[in-house]
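Q:
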Amino acid sequence: MIRRTLITLFIVIIGTSCSYRPHTTSHNDTISATDYYRFDPKPSLHPTKKEKHLIVIDPGHGGKDPGTKSWDKKHLEKNLNLATALMLMDQLDNLGYRSIFTRKNDVFIPLVKRATIANENNGTIFVSIHFNSGLSRKANGVEIFYFPNAMHSRVLASNILSNIITYSAANSRGVKSSRFTVLKKTSMPAVLVEGGFMSNPPEMQKLRDPVYLNIIAWGIAKGIDTYLSEYWNTLQGN
Ligand SMILES: [Zn+2]
Numbered sequence: 000m001i002r003r004t005l006i007t008l009f010i011v012i013i014g015t016s017c018s019y020r021p022h023t024t025s026h027n028d029t030i031s032a033t034d035y036y037r038f039d040p041k042p043s044l045h046p047t048k049k050e051k052h053l054i055v056i057d058p059g060h061g062g063k064d065p066g067t068k069s070w071d072k073k074h075l076e077k078n079l080n081l082a083t084a085l086m087l088m089d090q091l092d093n094l095g096y097r098s099i100f101t102r103k104n105d106v107f108i109p110l111v112k113r114a115t116i117a118n119e120n121n122g123t124i125f126v127s128i129h130f131n132s133g134l135s136r137k138a139n140g141v142e143i144f145y146f147p148n149a150m151h152s153r154v155l156a157s158n159i160l161s162n163i164i165t166y167s168a169a170n171s172r173g174v175k176s177s178r179f180t181v182l183k184k185t186s187m188p189a190v191l192v193e194g195g196f197m198s199n200p201p202e203m204q205k206l207r208d209p210v211y212l213n214i215i216a217w218g219i220a221k222g223i224d225t226y227l228s229e230y231w232n233t234l235q236g237n
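And the structure:
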């Protein structure tokens with residue numbers, strides 16, 4: 000019975016991750032107990048002007064790593080990630096932020112390299128963009144990951160999720176902790192956005208619409224803006 004429960008649990012966990020396909024190991028890395036308890040990076044800069052904030056945008060997968068596919072196998076996650084990332088860049092620009100990319104075209108970038116790009120450029124925020132798939136075609140909605148015990152990242156994740164849900168009316172799957180490599184290796188508040196299920200036909204239909212993708216991007220941008228504004232107010236004692 001226990002064994003059956005564990006197998007079911009395994010299927011549930013694997014079945015709702017965008018990484019359940021051939022790139023199963025590409026998000027994950029090992030972590031020590033010490034890492035688990037010490038890791039809560041804060042925004043490194045305390046600028047008075049938004050313009051000084053640098054947002055590092057990480058479109059997941061790329062090149063030889065396609066990520067997952069749509070239910071009809073016509074659309075690849077890596078392309079959807081990059082399209083959303085480019086929209087996010089515009090939205091952040093509208094809000095007065097600078098941004099850089101870990102990739103801006105269809106190339107393979109190792110996970111550690113993505114984090115290194117963020118760290119070496121002193122990014123204020125790191126946001127990785129992905130889309131999901133599940134074994135069940137009924138699985139749908141948005142979920143945001145942060146590193147275990149990284150409370151600043153958790154608050155950032157909550158802000159992004161609530162904004163995406165507000166603007167898109169998508170199903171909220173909540174914020175969740177995970178030890179993804181890009182979350183572990185980055186030295187600033189970092190989140191991984193799973194913006195919807197490509198394995199769900201109705202949700203994929205929405206994701207094919209640039210207007211809807213732009214709404215997802217706007218939710219991410221507004222979530223970042225809300226988080227940084229509130230963090231700044233906290234520092235000011237407001
Ligand atoms: Zn992915």
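For the sequence shown, counting from 1, position 51 maps to 50 in numbering that gives the first Met the number 0; every step adds exactly one.
For glycine and all other residues, C-beta sits at the position ideal for the given N, C-alpha and C.
Should Val-106 go down as buried or exposed, given a rule of 16 or more other Cβ atoms within 10 Å for buried?
A: Position 107 of the sequence shown, counted from the start, is the residue given in the question as residue 106. Exposed.
Q: In three-state DSSP terms, what is Leu-134?
A: Residue mapping note: residue 134 aligns to position 135 of the sequence shown, counting from 1. Coil, per DSSP.
Q: Looking only at DSSP bridge pairs, what is Ser-98 linked to?
A: Locating residue 98 in the sequence shown gives position 99, counting from the first residue. In DSSP, Ser-98 forms a bridge with Ile-54.
Q: Taking Cβ to Cβ, would you say Val-246 is nearer than 9 Å to Ile-215?
A: In the structure as shown, the chain begins at 0 and stops at 237. Residue 246 is therefore absent and cannot be evaluated.
Q: Going along the chain, which unbroken runs of the beta strand (DSSP E) with 3 or more residues stay wholly within the region 106-193?
A: 124-131, 141-145 and 171-176
Q: Is Thr-123 close to ligand 3? I mean its beta-carbon at under 8 Å from any heavy atom of the ligand.
A: In the structure shown, ligand 3 is absent; the only ligands present are ligand 1.
Q: Between the alpha carbons of His-52 and Ile-124, how many angstroms are there, rounded?
A: Counting from one through the sequence shown, the residue named residue 52 turns up at place 53. Counting from one through the sequence shown, the residue named residue 124 turns up at place 125. When the Cα atoms are used, His-52 and Ile-124 turn out to be separated by approximately 8 Å.
Q: Identify, in the order they occur along the chain, each residue of the same chain with its Cβ nearer than 8 Å to the Cβ of Lys-68, setting aside the five sequence neighbours on each side.
A: Translated into positions along the sequence shown, residue 68 becomes position 69. Correct list, in chain order: Arg-20, His-74, Leu-75, Glu-76, Ser-132 and Met-197.
Q: What did DSSP end up calling Asp-64 once you bin it into helix, strand or coil?
A: Here the question's residue 64 lines up with position 65 in the sequence shown. Three-state DSSP puts Asp-64 in a strand.
Q: Does the count of Cβ pairs from the region 196-210 and the region 145-154 closer than 8 Å reach three?
A: no
Q: Does the count of Cβ pairs from the region 171-178 and the region 146-160 closer than 8 Å reach three?
A: yes
Q: Below 7 Å CB to CB, which residues in the same chain sit around Tyr-166 once its five sequence neighbours on both sides are set aside?
A: Locating residue 166 in the sequence shown gives position 167, counting from the first residue. Here the set comprises Ile-214, Trp-217 and Gly-218.
Q: In three-state DSSP terms, what is Phe-195?
A: Start at 1 with the first residue of the sequence shown, and residue 195 comes out as number 196. Inspection of the sequence shows that residue 195 is occupied by Gly rather than by Phe. Three-state result, Gly-195: strand.
Q: Check whether the Cβ of Gly-66 sits closer than 8 Å to any heavy atom of ligand 1, and report yes or no.
A: Numbered from 1 along the sequence shown, position 67 holds the residue referred to as residue 66. Yes, the beta carbon of Gly-66 sits closer than 8 Å to at least one heavy atom of ligand 1.
Q: What are the start and end residues of the alpha helix (DSSP H) that includes Trp-217?
A: For this step, residue 217 is matched to residue 218 along the sequence shown. It spans 209-235 - the alpha helix (DSSP H) in which Trp-217 sits, taken as one unbroken run.
Q: In whole angstroms, what separates the C-alpha of Asp-28 from that of Lys-184?
A: Locating residue 28 in the sequence shown gives position 29, where the first residue counts as 1. Locating residue 184 in the sequence shown gives position 185, where the first residue counts as 1. Any answer about Asp-28 is weak, because its pLDDT of 46 lies below 50 and its placement is not dependable; what the coordinates show is given next. Roughly 10 Å between the two C-alpha positions.
Q: What I want to know is whether the C-beta of Phe-130 ends up closer than 8 Å to one or more non-hydrogen atoms of ligand 1.
A: As a first step, residue 130 is located in the sequence shown; it is residue number 131 there, counting from the start. Yes, the beta carbon of Phe-130 sits closer than 8 Å to at least one heavy atom of ligand 1.
Q: Where Gly-95 and Asp-89 are concerned, what is the direct C-alpha to C-alpha distance, given to the nearest angstrom?
A: As a working note, residue 95 is residue 96 in the sequence shown. As a working note, residue 89 is residue 90 in the sequence shown. Straight-line Cα distance between these residues: approximately 10 Å.
Q: Under 8 Å from any heavy atom of ligand 1, does the C-beta of Asn-80 make it?
A: Against the sequence shown, residue 80 aligns to sequence position 81. The answer is yes for Asn-80.
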